[in-house]
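Input: a single structure, listed below in structure tokens.
Protein chains: 2
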Amino acid sequence: MLQLRDLPSTEVLSKFAQRYPQADISAISTFLYLLRVATDLSASLDECLSRHGLLQGRWWVLILLMREDTQTSTPSELSEKAGVARATMTGLLDGLARDGLVTRIFDPNDRRRVSIQLTAMGQDKLDAVMPDYYSRLSDCMAGVDEAARTQLQQILGIVNKGMGAFTKD
Amino acid sequence: MLQLRDLPSTEVLSKFAQRYPQADISAISTFLYLLRVATDLSASLDECLSRHGLLQGRWWVLILLMREDTQTSTPSELSEKAGVARATMTGLLDGLARDGLVTRIFDPNDRRRVSIQLTAMGQDKLDAVMPDYYSRLSDCMAGVDEAARTQLQQILGIVNKGMGAFTKD
DNA sequence: TTGACATAGTTAGCTAGCTAACTATAATGT
DNA sequence: ACATTATAGTTAGCTAGCTAACTATGTCAA
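Residue numbers (my numbering), protein chains in the order written: chain A, 1 to 169; chain B, 1001 to 1169.
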């Protein structure tokens, strides 16, 4: 996602609005600021995870596996739940398996299928990462009280509903 | 950025909170939802831009150039303003130059420097993209009234201030 | 004036996304 | 029973990020 270091000032936006009368300045500002804060958050999260040798994609796979009672899933299930292409999941699993955090177990009944299981090392990794992640996240959100959290989720829900505007037609 | 198709249910979060007592469930929900909506927005924006043969990185470079009175800048300035590494900018400019949307002009005075200029084709491209982008963005944000926009920006500002928690130490 | 440092840009090689095409296997319908 | 279709996973090649290292050029101080 774009970093947007340099958000447009009101003057710049006005200048653009002159050429492009469709521009809704307050909508643009709000939208870009939302993208910007989220991108920065994502980068900060990555920085936190990378101290443990993980990035978001690989970390999320471990979490998805830990959610399962059997600590086991399949590449296609994982790719759906993580919202990435199956091919991307292959790459993530290659890396995780290389580091010994998951293992591939070949299904003898359906030879197309592979089970992916969290290893003890993978669980140890989560036990190191999650407390760190949770306590930093808690600190990050400390300034936002319950009411504001609810409001934020509500407004994001509205944006979420309107999102189709970008892709329709 | 992670797609997070499958956000944790309250049950999953409680299960995790048992193992990791640092977990602040409402903070986690809000945080993940913010990341998720922003990621989806970013992907939707890309889908809109890709109909014009652009993606966020390349599109933002064109916008930065159009902001300049001379429609001209340098790779390092652009990389700072776009928040990407200089090396990344080299790649973006390669693509834009290949498509004829910008040109590299070598500075005769300081032979280390290169000027990047928006071409007529680049301006035409913006004139096609921006009205489409602005009107879709306006539709997307239509459900969020002025008050909610202000609130959203305010809350994001607080999150932004707390973000250092992820990177400190 | 020349040696050290600073700046501008590029290259190389990594991660992590994507789509499209491929292999292997299973399921299904005629 | 066999051809077709569907499913699971991987591979290959693309974009767009990154860091580190490199080249070339300028600047400045001893």
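We put the CB at the ideal spot given by N, CA and C, even for glycine.
As the structure is a computational prediction, the values presented were derived from the model and not from experiment.
- At least 8 Å separates the CB of glutamine 71 (chain A) from every CB of chain B.
- Note on geometry: alpha-carbon atoms of valine 1144 (chain B) and isoleucine 158 (chain A) lie some 7 Å from one another.
- Chain order gives the chain A residues near serine 1135 (chain B) as Gln22, where near means a beta carbon separation below 7 Å.
- The DSSP assignment places 1010-1019 as complete runs of the alpha helix (DSSP H) inside the segment 1002-1028 of chain B, in order along the chain (cut-off: 4 residues).
- For chain B, the residues of the segment 39-53 of chain A that bring a beta carbon within less than 8 Å of one of its beta carbons are Thr39, Asp40, Leu41, Ser42, Ser44, Leu45, Glu47 and Cys48, in chain order.
- Under a 10 Å Cβ-count criterion, glycine 164 (chain A) is classified as exposed, with fewer than 16 other Cβ atoms of the shown protein chains found around its own Cβ.
- The Cβ neighbour count for serine 1079 (chain B), taken over all protein chains shown within 10 Å, is at least 16; the residue is labelled buried.
- Phenylalanine 1166 (chain B) and leucine 137 (chain A) have their C-alpha atoms some 7 Å from each other.
- Boundaries of the alpha helix (DSSP H) harbouring leucine 96 (chain A): 86-98, taken from the DSSP string.
- For a cut-off of 8 Å, the C-beta gap from isoleucine 1155 (chain B) to leucine 152 (chain A) is around 5 Å, short enough to register as a contact.
- From the listed residues B:Gly1122, B:Tyr1033, B:Ile1105 and B:Ser1115, the smallest Cα separation to asparagine 160 (chain A) is found for B:Tyr1033.
- For threonine 119 (chain A) and valine 84 (chain A), the gap between their C-alpha atoms comes out near 22 Å.
- Between leucine 1013 (chain B) and threonine 1039 (chain B), the C-beta spacing is not below 8 Å.
- In terms of beta-carbon proximity, phenylalanine 1106 (chain B) stays away from the interface with chain A, with every pair separated by 8 Å or more.
- By the 16-neighbour rule on beta-carbons within 10 angstroms, glycine 1100 (chain B) is exposed.
- In the DSSP assignment, arginine 149 (chain A) forms no beta bridge with any residue.
- The alpha helix (DSSP H) runs of length 4 or more contained entirely in the segment 1028-1068 of chain B are, from start to end of the chain, 1056-1067.
- Judged by DSSP in its simplified three-state form, valine 1144 (chain B) adopts coil rather than helix or strand.
- The Cβ atoms of tyrosine 134 (chain A) and alanine 1023 (chain B) lie closer than 8 Å to each other.
- Not flagged as an interface residue toward chain A: isoleucine 1116 (chain B), since no C-beta distance is shorter than 8 Å.
- Within the segment 1072-1098 of chain B, contact with chain A at the beta-carbon level (separation under 7 Å) is assigned to Glu1080, Lys1081, Ala1082, Gly1083 and Val1084.
- In the three-state scheme derived from DSSP, where H, G and I count as helix and E and B as strand, arginine 1104 (chain B) is classed as strand.
- Per DSSP, lysine 1081 (chain B) is one residue of the alpha helix (DSSP H) stretching across 1075-1082.
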